[in-house]
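Novice: Top line first, the protein sequences correspond to chains A and B. Per the numbering used here, the first sequence starts with residue 1, numbered consecutively. Per the numbering used here, the second sequence starts with residue 1001, numbered consecutively.
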Amino acid sequence: MASMIVAGLIFTVALYLIFTEKINRSIVGIADGVLMVGAGMVFGFYSQDEAIAAMDFNTLGLLFGMMALVALLEPTGFFEYLAIWAARLSKGRPVRLMFLLGIVTTVLSMFLDNVTTVVLIAPVTVLISEIMGFNPIPYLMAEALLSNTGGVATLVGDPPNVLIASAAGYSFNDFLTHSLPVVLISWVAALFLLRYLFRVDLGKIPSNLDAVQKLDPNDALNDRKTIQRVLVVLGFALVFFFIHHSLHIQPSFIALGAAAIALVWVQPDLHKTLQRIEWNVLIFFGALFVMVGGLEASGILHQLAGLIGRARNLSPVLFGVITIWVVAGLSAIVDNIPITIALIPVFAELELEGINIQPLWWALAFGAGFGGNGTIIGSTANVFVASLSERTKNPITSKLWNKRGLPVMIVTCFVGSLMFVLLYPFLSR
Amino acid sequence: MIVKNFMKAKVFFVQVDESVGNAARKFVEHHVGTLPVVNAAGKLVGVLQLRNVLSLVLPDFTRLMEDFDFVRDFGAVEDVRPSREVVSKEVVEVMEAPVYVDETCGLSRAFALLHQHKLNELPVVDSEKRLVGIVSRVDIGTGILENWDVASGE
Chain A
1 MASMIVAGLI FTVALYLIFT EKINRSIVGI ADGVLMVGAG MVFGFYSQDE AIAAMDFNTL
61 GLLFGMMALV ALLEPTGFFE YLAIWAARLS KGRPVRLMFL LGIVTTVLSM FLDNVTTVVL
121 IAPVTVLISE IMGFNPIPYL MAEALLSNTG GVATLVGDPP NVLIASAAGY SFNDFLTHSL
181 PVVLISWVAA LFLLRYLFRV DLGKIPSNLD AVQKLDPNDA LNDRKTIQRV LVVLGFALVF
241 FFIHHSLHIQ PSFIALGAAA IALVWVQPDL HKTLQRIEWN VLIFFGALFV MVGGLEASGI
301 LHQLAGLIGR ARNLSPVLFG VITIWVVAGL SAIVDNIPIT IALIPVFAEL ELEGINIQPL
361 WWALAFGAGF GGNGTIIGST ANVFVASLSE RTKNPITSKL WNKRGLPVMI VTCFVGSLMF
421 VLLYPFLSR
Chain B
1001 MIVKNFMKAK VFFVQVDESV GNAARKFVEH HVGTLPVVNA AGKLVGVLQL RNVLSLVLPD
1061 FTRLMEDFDF VRDFGAVEDV RPSREVVSKE VVEVMEAPVY VDETCGLSRA FALLHQHKLN
1121 ELPVVDSEKR LVGIVSRVDI GTGILENWDV ASGE
C-alpha cells in the first residue's frame, strides 16, 4: 500500500509540474524518474533492471530514426520549397492558401514527426503572409491543428500512435485501415470549421498578390543532392512500413535502417545533424517509461484498472466513446505523451480482466490526437507555433487558442466518436 | 592619440523621453546613424541606433528564417509603415545600453570597442559622463593610420 501511495505521489507531482510548465518537462522527467527508481528500491517495489526494461526501445528507436531523417532534410530548403509551391498554387486566395498549406503540413506530418513539420513550415508561412500583406495567425493555427489531426492517421505520424502500435502490436497498415478513414473525415470537418472560425481574416484580400508569384520555389532549394537521397531512402522506408508486418520486422528497425542508410549516403556534418534531433523529446519519453514502469510495479495501475473494469457492464461502445473524451480532455490539459504512456499498462490490465481492448486502443489514439487541439499547451506543435508567433507582431494568445482550437477539438472528437460508433464492429477486430 | 583630438564636438542627440517619431526625424534631418541618448542633466544614458528604430518595422520572417536570399521581392513589406503606437513609443523603450568612451581614451581601445560591439560610432563623455562629442569608425581608423610610417609617405 505504501509503495502505491509513494509511486502515485511521485507521478502526480510530475504531471503537475509538466502541466504548470514552470520547469522544463524533460528535467521534470529525469528528476522524477530517478526519484521513482530510488523510491522503488527503498520500498522494494521497483528495481534498476526493471526500470531499464520499462523503456520501450521500439518507440525510442522509431522516433530517433525518423528524427534523423528529418534532420538531414531540414537544412536543404525542401520544406520551404513545398510551402512556396503551395502559396503560388493558391494564387494568393486566402481560403485556398489555408487549404493547400494545411494539406502540405498534414501529409508531411503523417510521415514525419508533426512538430518538426510545423517547425519547418511555420516560418515560411510568416514569410508568405508578410510579403502578401496579411495576418499569419489563421494559417499558423490551421497548420498546428490540422497536423495534430492528420498525424493520428498513421503509425509514424504521432508519438502516441508509436506507443500504441508498440504496445498493441499494430502494424503500419492497421493504422491505414482503422485510423486513416476516421482521421480523413475529422480532418475535413476541422478544415471547414477553421474556414468558418477565421472567416473574417480569410475574407480580406491580400494587399500584394504579385509578391508570391515572384517567389520561385526552386530558389529555396540549396542542396538538391541531399534532398534526392533522403527522399529515395524515405520512399523505401515507406514501402517497408507497408510490409513490415509480414516480414516480421519492427517499424523501429526500418526507421533506424533508413536513418543509417541516409547517413552513410549523405555523410553530413554529423555534429550539426545531431543538433537538429529533438533530444529533449527522446529523454522525456525515456524518463516517462521509467516513471510509469514504477507506477505499474507498485500495483497502483492494477488497482486503477480494477476500478475501470467495474464499468464493464457499460456497453463497450459507450465505454470507448467515454475513453475518447476523457483521454482528449486529459491530453488538452497535460500532454498526450505522458497520458498515453500511463494508460497503456492500464489497458493491458483491463485485457487481463477479460475486456476486449482492441477498440479501446483506437479510442486512445483518437482521444490523444484530437485532444491535443484543445489548448495552446495541448500538443508540442501548438506550443511551438505559439512561441514562434510571440516573436512576431501578431502573437497567438491562450485566449485566442481557446476560441479557435477548442471548437476544433470538440468537433474532431465528436466526429471521431461518431465514426467510432459506426465502425465499432470493424475497430474491435 | 586620444579620442578627444579626433572626435566631432558637434553631436546630435535625443532626450530619453522623446518619441521614436521625433528621433526618426532627427536621423533624417542630420543624416546620421547613431543618436546618443541623454537625460535632463545632459548625461549619457543610452544610444539609439538606426537599426533599433528600423527593427520595429522589419518583417518577422527575417528573424525566423536562416536563409531568405531567395525572396527577391519583399512585396507588401516594402510598404509597411510603423503604427502610431510604435511611433509614439519613448526612446528609452527602444534604445541600447551605451557603449561609450571617455575623451581621454586611446584610439586603439576605441577601435577595439567598435569592432567588438559591431558599431559605427562611439559617444564621447567627460569625467562626469556628460556627452561632449561623437567619434566614428572612420575618425578613429584614419587617426590610427595617420601615425603609420607608410601614411606619412616615407
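Glycine included, C-beta positions come from ideal geometry on N, C-alpha and C.
Pairs of beta-carbons, one from the stretch 326 to 336 of chain A and one from the stretch 364 to 379 of chain A, closer than 8 Å: are there three or more?
Specialist: These segments touch.
Novice: Would you mind working out which of Asn-1147(B), His-1115(B), Phe-1111(B) and Arg-1130(B) sits nearest Val-1003(B), comparing C-alpha positions?
Specialist: If we check each option's Cα against that of Val-1003(B), Phe-1111(B) comes out closest.
Novice: Do you know offhand how far Met-36(A)'s Cα is from Val-346(A)'s?
Specialist: Straight-line Cα distance between these residues: approximately 18 Å.
Novice: Return the CA-CA distance between Trp-401(A) and Gly-203(A), expressed in angstroms with no decimal places.
Specialist: Approximately 20 Å, taken between the alpha carbons.
Novice: Quick one: does Asp-219(A) have its CB under 8 Å from some CB of chain B?
Specialist: Answer yes: the Cβ-Cβ gap between Asp-219(A) and chain B drops below 8 Å somewhere.
Novice: According to DSSP, is Leu-1048(B) part of a helix, a strand, or is it coil?
Specialist: Leu-1048(B) falls in the strand class under three-state DSSP.
Novice: Run the CB neighbour count on Trp-1148(B), radius 10 Å, all protein chains shown included, and call it buried at 16 or more, exposed below.
Specialist: Flag for Trp-1148(B) reads exposed.
Novice: Report the start-end ranges of each alpha helix (DSSP H) in the stretch 74 to 134 of chain A that is 4 residues or longer and not cut off at the edges.
Specialist: Counting only runs of 4 or more, we get 78 to 89, 94 to 111 and 114 to 132.
Novice: Report the three-state DSSP secondary structure of Val-1124(B) (helix, strand or coil).
Specialist: In the structure shown, Val-1124(B) sits in a strand (DSSP, three-state: E or B).
Novice: Short of 8 Å Cβ to Cβ, which residues in the stretch 385 to 399 of chain A face chain B?
Specialist: Of all residues in the stretch 385 to 399 of chain A, Leu-388, Arg-391, Thr-392 and Lys-393 have a Cβ within less than 8 Å of some Cβ in chain B.
Novice: Please indicate yes or no: does the CB of Ala-71(A) lie closer than 7 Å to some heavy atom of the ligand MN?
Specialist: In terms of ligand content, the structure shown is empty, and the ligand MN therefore cannot be addressed.
Novice: Are the C-beta of Arg-1051(B) and some C-beta of chain A separated by less than 8 Å?
Specialist: Not closer than 8 Å to any Cβ of chain A, the Cβ of Arg-1051(B) fails to qualify, so no.
Novice: For Leu-1064(B), would you say it is in contact with chain A, using Cβ-to-Cβ distances shorter than 8 Å as the test?
Specialist: Closer than 8 Å to some Cβ of chain A, the Cβ of Leu-1064(B) qualifies, so yes.
Novice: Less than 8 Å between the C-beta atoms of Ala-68(A) and Ile-337(A), yes or no?
Specialist: The answer is no: Cβ separation not under 8 Å.
Novice: I'd like the list of long-range same chain contacts for Ile-121(A), defined as Cβ closer than 8 Å, with 5 residues on each side in sequence excluded.
Specialist: Answer for Ile-121(A): Phe-79, Leu-82, Ala-83, Leu-101, Val-104, Thr-105, Leu-108 and Glu-143, listed in chain order.
Novice: Please compile the residues from chain A whose C-beta is within a distance smaller than 7 Å of the C-beta of Pro-1059(B).
Specialist: In chain order: Glu-130.
Novice: Which residues, in order along the stretch 1131 to 1146 of chain B, keep a beta-carbon less than 9 Å from a beta-carbon of chain A?
Specialist: Under the 9 Å Cβ criterion, the stretch 1131 to 1146 of chain B contributes no residue.
Novice: Are the C-beta of Ser-207(A) and some C-beta of chain B separated by less than 8 Å?
Specialist: At least one chain B Cβ lies under 8 Å of Ser-207(A).
Novice: Between the stretch 115 to 145 of chain A and chain B, which residues of the former have a C-beta closer than 7 Å to a C-beta of the latter?
Specialist: Taking 7 Å as the Cβ-Cβ cut-off against chain B, the residues of the stretch 115 to 145 of chain A that qualify are Pro-123, Val-126, Leu-127, Glu-130, Ile-131, Met-132 and Gly-133.
Novice: Which whole-angstrom value describes the C-beta separation of Pro-251(A) and Phe-134(A), a residue pair presumed to lie in contact below a C-beta threshold of 8 Å?
Specialist: The pair is not a contact, with the Cβ atoms about 40 Å apart (cut-off 8 Å).
Novice: Give a yes or no on whether the minimum CB-CB distance between Arg-1072(B) and chain A is below 8 Å.
Specialist: Output row for Arg-1072(B): interface = yes.
Novice: For my contact list, Leu-72(A) and Val-266(A) are in at a C-beta cut-off of 8 Å; report their separation, rounded to the angstrom.
Specialist: The Cβ separation is near 6 Å, so the contact holds.
Novice: Less than 8 Å between the C-beta atoms of Val-421(A) and Gly-33(A), yes or no?
Specialist: Cβ atoms of Val-421(A) and Gly-33(A): not closer than 8 Å.
Novice: Given that Val-1094(B) touches chain A, what residues does it touch there, using C-beta distances under 7 Å?
Specialist: Under the 7 Å cutoff, chain A gives no residues; its nearest Cβ is about 15 Å from Val-1094(B).
Novice: Who are Glu-1090(B)'s beta bridge partners in DSSP?
Specialist: BP columns for Glu-1090(B) point to Ser-1019(B).
Novice: Fully enclosed by the stretch 173 to 223 of chain A, which beta strand (DSSP E) runs are 3 residues long or longer?
Specialist: Taking only runs of at least 3 residues, no beta strand (DSSP E) segment lies wholly in the stretch 173 to 223 of chain A.
Novice: Which residues of chain B have a Cβ atom closer than 8 Å to the Cβ of Asp-223(A), listed in chain order?
Specialist: Near Asp-223(A) there are no residues of chain B at all, since even the closest Cβ is about 11 Å away, more than 8 Å.
Novice: Under the DSSP definition of a beta bridge, which residues are partnered with Glu-1096(B)?
Specialist: Paired residues: Val-1047(B).
Novice: Note down, one range per segment and in chain order, each alpha helix (DSSP H) of at least 4 residues found wholly within the stretch 309 to 352 of chain A.
Specialist: The stretch 309 to 352 of chain A contains these whole alpha helix (DSSP H) runs: 316 to 333 and 336 to 352.
Novice: Should Tyr-196(A) be labelled buried (16 or more other beta-carbon atoms within 10 Å of its own) or exposed?
Specialist: Counting Cβ neighbours within 10 Å, Tyr-196(A) comes out exposed, since fewer than 16 surround it.
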